[in-house]
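S.K.:
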Amino acid sequence: MRPFRKTVGLALSGGGANGISQIGVLKALEEEQVPIDHIAGTSMGAVIGGLYSCGYTPSELQAIAHSLPWQSIVTIGNDDYSRSNVFLEQQRVRDRSTVAIRFDKLKLVIPRSLNSAQALTETLDLLVINALYPASGDFNELPVQFRAVTTDLVTGRRVTLSSGSLSEAMRASSTIPVLFSPIRRGSEELVDGGLVANLPVDELDAFDAGYRIAVDTHGSMYATGRELDLPWKAADQAMTILTKLQYPAQLERADIVIAPDLEGRMATDFSDIDGLVKVGYQKGKVLAGTIKRSIAEGEGRSAPSPIKGWRKEVQFPEESAEYIEHYRIVSGIVRNATDTRMALRELLETDLFTRVWAELDSRRKRVVFHLVPLPAIRQVRISGGPTGVLSFDEQAACFAPVMERVYTNRAGTLALENLVRAYRQKGYVFVNLKSPSLSGGTISVALTSGKAGSIVISQDRNITGPTPVQREIKIDTSRAVIYGKAKESVENLYETGVFSRVSLAAEQPDPDDEHLQSALLKFTLDEKPATVLRIGLRYDETSNAQFLLDYRNENLWGSTSSLGGWLKTGTKNNVVNLEFNMPRIAATNLTMSSRAFYDQHGFDHSSITFDKEFLADLSERTGTYNIERYGISTAFGTRLKKNGKLIVDATLQSVRSENETENGVPLQTGKAELVTLGTQLSIDSRDSPLIPTTGSLSNLRYSATPVTLDNEELFWQLSGNHEENIPVAPRTTLQLSGMFGVSSGHVPLSEQFFLGGPGTAYSRRFIGLKESALPGNNMAAAGVQLQYSPPGDIIFPTSLRLIYNAGNVWDRREDIALAQLIHGIGTSLVWATPIGPARFTISKAFSFMRNAEDKESSNLRFADTVYYFSLGHDF
Numbered sequence: 001m002r003p004f005r006k007t008v009g010l011a012l013s014g015g016g017a018n019g020i021s022q023i024g025v026l027k028a029l030e031e032e033q034v035p036i037d038h039i040a041g042t043s044m045g046a047v048i049g050g051l052y053s054c055g056y057t058p059s060e061l062q063a064i065a066h067s068l069p070w071q072s073i074v075t076i077g078n079d080d081y082s083r084s085n086v087f088l089e090q091q092r093v094r095d096r097s098t099v100a101i102r103f104d105k106l107k108l109v110i111p112r113s114l115n116s117a118q119a120l121t122e123t124l125d126l127l128v129i130n131a132l133y134p135a136s137g138d139f140n141e142l143p144v145q146f147r148a149v150t151t152d153l154v155t156g157r158r159v160t161l162s163s164g165s166l167s168e169a170m171r172a173s174s175t176i177p178v179l180f181s182p183i184r185r186g187s188e189e190l191v192d193g194g195l196v197a198n199l200p201v202d203e204l205d206a207f208d209a210g211y212r213i214a215v216d217t218h219g220s221m222y223a224t225g226r227e228l229d230l231p232w233k234a235a236d237q238a239m240t241i242l243t244k245l246q247y248p249a250q251l252e253r254a255d256i257v258i259a260p261d262l263e264g265r266m267a268t269d270f271s272d273i274d275g276l277v278k279v280g281y282q283k284g285k286v287l288a289g290t291i292k293r294s295i296a297e298g299e300g301r302s303a304p305s306p307i308k309g310w311r312k313e314v315q316f317p318e319e320s321a322e323y324i325e326h327y328r329i330v331s332g333i334v335r336n337a338t339d340t341r342m343a344l345r346e347l348l349e350t351d352l353f354t355r356v357w358a359e360l361d362s363r364r365k366r367v368v369f370h371l372v373p374l375p376a377i378r379q380v381r382i383s384g385g386p387t388g389v390l391s392f393d394e395q396a397a398c399f400a401p402v403m404e405r406v407y408t409n410r411a412g413t414l415a416l417e418n419l420v421r422a423y424r425q426k427g428y429v430f431v432n433l434k435s436p437s438l439s440g441g442t443i444s445v446a447l448t449s450g451k452a453g454s455i456v457i458s459q460d461r462n463i464t465g466p467t468p469v470q471r472e473i474k475i476d477t478s479r480a481v482i483y484g485k486a487k488e489s490v491e492n493l494y495e496t497g498v499f500s501r502v503s504l505a506a507e508q509p510d511p512d513d514e515h516l517q518s519a520l521l522k523f524t525l526d527e528k529p530a531t532v533l534r535i536g537l538r539y540d541e542t543s544n545a546q547f548l549l550d551y552r553n554e555n556l557w558g559s560t561s562s563l564g565g566w567l568k569t570g571t572k573n574n575v576v577n578l579e580f581n582m583p584r585i586a587a588t589n590l591t592m593s594s595r596a597f598y599d600q601h602g603f604d605h606s607s608i609t610f611d612k613e614f615l616a617d618l619s620e621r622t623g624t625y626n627i628e629r630y631g632i633s634t635a636f637g638t639r640l641k642k643n644g645k646l647i648v649d650a651t652l653q654s655v656r657s658e659n660e661t662e663n664g665v666p667l668q669t670g671k672a673e674l675v676t677l678g679t680q681l682s683i684d685s686r687d688s689p690l691i692p693t694t695g696s697l698s699n700l701r702y703s704a705t706p707v708t709l710d711n712e713e714l715f716w717q718l719s720g721n722h723e724e725n726i727p728v729a730p731r732t733t734l735q736l737s738g739m740f741g742v743s744s745g746h747v748p749l750s751e752q753f754f755l756g757g758p759g760t761a762y763s764r765r766f767i768g769l770k771e772s773a774l775p776g777n778n779m780a781a782a783g784v785q786l787q788y789s790p791p792g793d794i795i796f797p798t799s800l801r802l803i804y805n806a807g808n809v810w811d812r813r814e815d816i817a818l819a820q821l822i823h824g825i826g827t828s829l830v831w832a833t834p835i836g837p838a839r840f841t842i843s844k845a846f847s848f849m850r851n852a853e854d855k856e857s858s859n860l861r862f863a864d865t866v867y868y869f870s871l872g873h874d875f
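So that you can map any letter, position 285 of the sequence shown is 285 in full-length UniProt numbering, and since no number is skipped, the others follow by simple counting.
Okay, here's the thing in structure tokens:
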């Protein structure tokens, strides 16, 4: 039994970031013990309301709001994957392109959105399967009945979702057209419900709610055109204009409106989560008292039944010492009672009893209050669930607040929730209560096994074969499902690169089906068209303008392997590659690749100006060099997680080197047919190749060219490099790097190490020198870089770098000496532009010049200032 009151319905509005203030409203209402029976939500209101309905507390919702990847959610781009978790081959293909255009059977596929919203989809999916209460099927079965309002983009009609996947319902309701792809349900294309009902008070009619609370967080409009500088801001402005037309009719249907003070806050600003929650909390606190009084009054309230001056007694079902504490708690209510119904209300509001009623004797002016307390709990028996997950002490801690003591209904519910929460904290997402019961002082709790009954795969195009899908799913149906494995499975599938959206939902079994007692896990896969054309543009001070075309099938025969080629052309560099890559062979971690290539590049070489004698062997190499090679290569090896691999490879190539002297006279410097065998270890966990803030890059390679074809003497090379990016502050990254290369003896110019410039495919980075300034058989260098990204943009997001490096090259290993190191310092500005990074660097090289055998003190000498500029990705 509970005191009579009106049922309470809550209408939560959209509003982007401003909608987060609704968490504060929920927090205030809970603290003031305002019950919530029903929620109807739109957009952000649907997300908050849906999560609250399946068991998340306001405090948990606030923590979730802090952890959500808002930047990824509102960033333009169809690939919000984590670079550090994709295959190396995919990293290299994506790193060098600016635009990707997909084709379906040679028909151009126009992207339906600016963002795949995979980050939002994954977050909501995992939150729902990790909720305290199973959230699939009928939303009326949730602790708080729920509705999500969406718009069918085809017909323009309102579609209210009341069943199915809760995460999909929340995602559909918050899908901003153009920015996110619509959610398909049958023939419907569902998008943001704000188009038709941003504050869905009328949806509470379906619940027959006795009291309707409207929470309005639509916020302010942008005041000037200059503020509308991003597509999602323009979309938000358009939504706000539409919602203004709907509001008068909806507000009239509400019994009370809670409108947090959001003056000056924008719907796209997620920088002040706590501040948003606070303003919602403050307004909720102010109005909570009014709401409590309103829901307790009204229909169903009978005339007063005065009992002032009457003799009052309390009677329990039986005599028991355990009821003494109950009597002590309620004796004041009974003793001071002046109205029977008010006294019964107060007794029920203690939450200590399952039933209360009063027996009145008007002739004797005597009233007896009959109280049926909650049964005492002296023992807990837990059965089922995965074995060995919770210790006896951990189980006991869940029920300690209700064991052998007076407790409330809410405390008993909380004890059961804490048991489920304890399993959730251990990562067990499918462990739920089956049939808790209380009898004879013993509470018996049966738990589900936590296993998935089966795994169901749903694909929209049926391009990808079963093997690539199944190998990425790390869930074992013979064991309890772990949160980490579910998350890993979703990310593995998405990071194959062949899916535009990967969604995960749990479907509860039919209770009437005796053979199916465990939840089903359903993966919904939206597949990308396999054929893609990538375009890249670049300009730099050395090679001038360059253009890239990359055309390939990225899901060949549904295997996630790729077949295609790419072309780079420019005034000095030209490359043609035909490639076949298998990131994984079947279900193994083995990998293989093959390619046919043509690579031609030219560079100007002149010795460093500050000392001719110091680099006498290099100063002889002047003029313009041209290196041309073509051939075939194949590699086989094994993956090391996703971002690394260990391979052996073989290359057959024809190499030609030519030097054009200062007089313009061509001089043939080398031509050879070479067979090279090698092994290589590569790992790349950086979040970005050119503007990294975390992660590392490691590469170690050994190659040998035996005496075959035109090669008359065996030569070998060993090289390696490492880059470590260390966040030292929220906007500051320290980068430490080092590289080396040694050779057996003299090697052809085409195979030598090149040092100098900002770092390209042809020359290793050394700030202070021009690109390819130092070629040699042996090389060593190390560097330090400090990168800072200020909070404000300079046209585009900007980073400032301070760079120092030291190193040199040597023709002979015995000549290697620290005394001959060259140093370089520089500073850079890097902009993240829509067509790729733009970088401007000022640098200078210097050295303490002396020979290794020279015992005299060295002289500090500076070379000419060198400037670098590039726009676009490096390819």
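For every residue, glycine included, the Cβ atom is placed at its ideal position computed from N, Cα and C.
Taking Cβ positions, are arginine 839 and tyrosine 868 nearer each other than 8 Å?
M.R.: To locate residue 839, count along the sequence shown from 1; it is residue 839. To locate residue 868, count along the sequence shown from 1; it is residue 868. When the beta-carbon positions are compared, arginine 839 and tyrosine 868 come within less than 8 Å of each other.
S.K.: For threonine 733, I'd like the list of residues in its chain whose CB is within less than 6 Å of its CB, leaving aside the five on either flank, ordered along the chain.
M.R.: The residue labelled residue 733 in the question sits at position 733 within the sequence shown. Same-chain partners within the cutoff: Thr693, Asn725, Pro727 and Gln787.
S.K.: Sorted by chain position, which residues of the same chain lie with C-beta nearer than 7 Å to tyrosine 327's C-beta, five sequence neighbours on each side aside?
M.R.: What you label residue 327 is simply residue 327 of the sequence shown in a count that begins at 1. Correct list, in chain order: Val314.
S.K.: Ignoring anything shorter than 4 residues or poking outside the region 357-397, list the alpha helix (DSSP H) runs there in chain order.
M.R.: none
S.K.: Count the other CB atoms within 10 Å of the CB of leucine 120; is the residue buried (16 or more) or exposed (fewer)?
M.R.: Within the sequence shown, residue 120 is the residue found at index 120, counting from 1. Under this definition leucine 120 is a buried residue.
S.K.: Suppose contacts are defined by Cβ-Cβ distances below 8 Å. Is glycine 678 in contact with serine 657 by that definition?
M.R.: Your numbering for residue 678 matches position 678 in the sequence shown. Your numbering for residue 657 matches position 657 in the sequence shown. No, Cβ-Cβ distance for glycine 678 and serine 657 is not below 8 Å.
S.K.: Where does tyrosine 222 sit, in a helix, a strand or coil, going by DSSP?
M.R.: The residue you call residue 222 lines up with position 222 of the sequence shown. Because the pLDDT of tyrosine 222 is 49, which lies under 50, any placement of that residue in the model is unreliable, and the number read from its coordinates should be weighed accordingly. Note: tyrosine 222 maps to coil in three-state DSSP.
S.K.: Could you pull the start and end residues of the beta strand (DSSP E) that valine 47 belongs to?
M.R.: Taking the sequence shown and counting its residues from 1, the one referred to as residue 47 is at position 47. Valine 47 -> not in any beta strand (DSSP E); alpha helix (DSSP H) instead, spanning 44-53.
S.K.: To the nearest angstrom, how far is it from the Cα of valine 257 to the Cα of aspartate 208?
M.R.: In the sequence shown, counting from the first residue as 1, residue 257 sits at position 257. In the sequence shown, counting from the first residue as 1, residue 208 sits at position 208. Between valine 257 and aspartate 208, the C-alpha separation is close to 18 Å.
S.K.: Would histidine 38 and leucine 251 be called neighbours here (beta carbons separated by less than 8 Å)?
M.R.: Here residue 38 refers to the residue found at position 38 when the sequence shown is read from its first residue. Here residue 251 refers to the residue found at position 251 when the sequence shown is read from its first residue. In this structure, leucine 251 does not lie closer than 8 Å to histidine 38 by Cβ.
S.K.: Return the CA-CA distance between threonine 496 and leucine 127, expressed in angstroms with no decimal places.
M.R.: Looking up residue 496 in the sequence shown gives position 496. Looking up residue 127 in the sequence shown gives position 127. Each residue's alpha carbon lies about 23 Å from the other.
S.K.: I'd like to confirm the pairing. Which residues does DSSP put opposite glycine 14 in its beta bridges?
M.R.: Taking the first residue of the sequence shown as 1, we reach residue 14 at position 14. None, per the DSSP bridge assignment.
S.K.: Considering Cα atoms alone, identify which of Asp604, Ile36, Gly720 and Ile822 is closest to threonine 7.
M.R.: Within the sequence shown, the letter at position 7 stands for residue 7. The candidate whose alpha carbon is nearest that of threonine 7 is Ile36.
S.K.: Whose C-alpha, out of Met44, Gln752, Arg479 and Gly807, is nearest the C-alpha of phenylalanine 766?
M.R.: The residue labelled residue 766 in the question sits at position 766 within the sequence shown. For the residues Met44, Gln752, Arg479 and Gly807, the minimum Cα distance to phenylalanine 766 belongs to Gly807.
S.K.: For phenylalanine 499, does the count of other Cβ atoms within 10 angstroms reach 16, so buried, or fall short, so exposed?
M.R.: On the sequence shown, residue 499 is found 499 positions in, with the first residue counted as 1. By the 10 Å Cβ count, phenylalanine 499 comes out buried.
S.K.: Identify, in the order they occur along the chain, each residue of the same chain with its Cβ nearer than 8 Å to the Cβ of serine 594, setting aside the five sequence neighbours on each side.
M.R.: Taking the sequence shown and counting its residues from 1, the one referred to as residue 594 is at position 594. For serine 594, where only same-chain residues beyond five positions count, the Cβ hits under 8 Å are Glu579, Phe580, Ile632, Ser633, Thr634 and Ala635.
S.K.: Starting from isoleucine 101 and walking both ways along the beta strand (DSSP E), at which residues does that stretch end?
M.R.: Here residue 101 corresponds to residue number 101 of the sequence shown, with the count starting at 1. Per DSSP, the continuous beta strand (DSSP E) segment holding isoleucine 101 begins and ends at 99-104.
S.K.: Taking 8 Å as the cut-off, decide whether the C-beta atoms of alanine 135 and alanine 11 are in contact.
M.R.: By 1-based counting over the sequence shown, the position of residue 135 is 135. By 1-based counting over the sequence shown, the position of residue 11 is 11. In this structure, alanine 11 does not lie closer than 8 Å to alanine 135 by Cβ.
S.K.: Shortest alpha-carbon distance to glutamine 680 belongs to which of Arg639, Arg364 and Gly193?
M.R.: As a working mapping, residue 680 is identified with position 680 in the sequence shown. Comparing Cα-Cα distances from glutamine 680 to each of Arg639, Arg364 and Gly193, the minimum goes to Arg639.
S.K.: Beta-carbon within less than 7 Å of proline 748's beta-carbon, same chain only, minus the 5 sequence neighbours each way: which residues are those?
M.R.: As a working mapping, residue 748 is identified with position 748 in the sequence shown. Within the same chain, proline 748 has close Cβ partners Val655, Ser657, Gly670 and Ala672.
S.K.: Helix, strand or coil for asparagine 140 per DSSP?
M.R.: Position 140 of the sequence shown holds residue 140. Note: asparagine 140 maps to helix in three-state DSSP.
S.K.: Between residue 883 and valine 481, is the Cβ-Cβ spacing less than 8 Å?
M.R.: The displayed coordinates of the chain run from 1 to 875. Any statement about residue 883 would go beyond what the structure contains.
S.K.: Which residues in the same chain as alanine 254 place their Cβ atom closer than 6 Å to its Cβ, once the five residues preceding and following it in sequence are excluded?
M.R.: The count along the sequence shown starts at 1 and reaches residue 254 at position 254. Cβ within range, chain order: Val201, Arg212 and Ala214.
S.K.: Determine, using beta carbons only, whether glycine 19 and threonine 151 come nearer to each other than 8 Å.
M.R.: Taking the first residue of the sequence shown as position 1, residue 19 is located at position 19. Taking the first residue of the sequence shown as position 1, residue 151 is located at position 151. Against a cut-off of 8 Å, the Cβ pair of threonine 151 and glycine 19 comes out as no contact.
S.K.: For glutamate 318, report the span of its alpha helix (DSSP H) as first-last.
M.R.: To locate residue 318, count along the sequence shown from 1; it is residue 318. Here glutamate 318 belongs to no alpha helix (DSSP H), and DSSP marks it neither H nor E.
S.K.: Beta-carbon within less than 7 Å of arginine 2's beta-carbon, same chain only, minus the 5 sequence neighbours each way: which residues are those?
M.R.: The residue you call residue 2 lines up with position 2 of the sequence shown. Exclusion of the five residues before and after arginine 2 leaves Leu348 as the residues of its chain whose Cβ lies within less than 7 Å of its Cβ.
S.K.: If we count the other Cβ atoms within 10 Å of its Cβ and call it buried at 16 or more, is proline 304 buried or exposed?
M.R.: Against the sequence shown, residue 304 aligns to sequence position 304. Exposed, by the Cβ-count rule.
S.K.: Could you pull out every residue in the same chain whose Cβ sits closer than 7 Å to the Cβ of proline 689, ignoring the five residues on either side in sequence?
M.R.: Along the sequence shown, read from residue 1 onward, the residue named residue 689 stands at position 689. Excluding residues within five positions, the ones whose Cβ falls inside 7 Å are Asp95.
S.K.: Check whether the Cβ atoms of serine 828 and isoleucine 691 sit closer than 8 Å, and answer yes or no.
M.R.: Taking the first residue of the sequence shown as position 1, residue 828 is located at position 828. Taking the first residue of the sequence shown as position 1, residue 691 is located at position 691. No Cβ-Cβ contact shorter than 8 Å links serine 828 with isoleucine 691.
S.K.: In whole angstroms, what is the alpha-carbon distance linking valine 575 and aspartate 811?
M.R.: On the sequence shown, residue 575 is found 575 positions in, with the first residue counted as 1. On the sequence shown, residue 811 is found 811 positions in, with the first residue counted as 1. Distance between the alpha carbons of valine 575 and aspartate 811: 28 Å.
S.K.: Could you give the uninterrupted runs of the beta strand (DSSP E) lying entirely in the region 686-738, keeping only those of 3 residues or more?
M.R.: 695-705 and 715-729
S.K.: Using 8 Å as the cut-off, can you tell me whether the region 393-413 makes contact with the region 451-458, which would need three or more C-beta pairs spanning the two stretches below that distance?
M.R.: Fewer than three pairs of CB atoms, one per stretch, sit closer than 8 Å, so the region 393-413 makes no contact with the region 451-458.
S.K.: When DSSP labels each residue in this structure, what does histidine 873 get in the three-state scheme?
M.R.: Start at 1 with the first residue of the sequence shown, and residue 873 comes out as number 873. Coil, per DSSP.
S.K.: Cα-Cα, which of Ile23, Ala376, Thr588 and Arg479 is closest to alanine 321?
M.R.: For the purposes of this step, residue 321 is taken as the residue at position 321 of the sequence shown. Here the closest residue by C-alpha is Ala376.
S.K.: Let me know the alpha helix (DSSP H) ranges lying completely inside the region 452-515, each 4 residues or longer, listed in chain order.
M.R.: 466-472 and 483-494
S.K.: Hey, arginine 686 and serine 84 are a contact pair by Cβ (cut 8 Å); roughly how many whole angstroms apart?
M.R.: Here residue 686 refers to the residue found at position 686 of the sequence shown. Here residue 84 refers to the residue found at position 84 of the sequence shown. Indeed they touch by this definition, with Cβ atoms about 7 Å apart.
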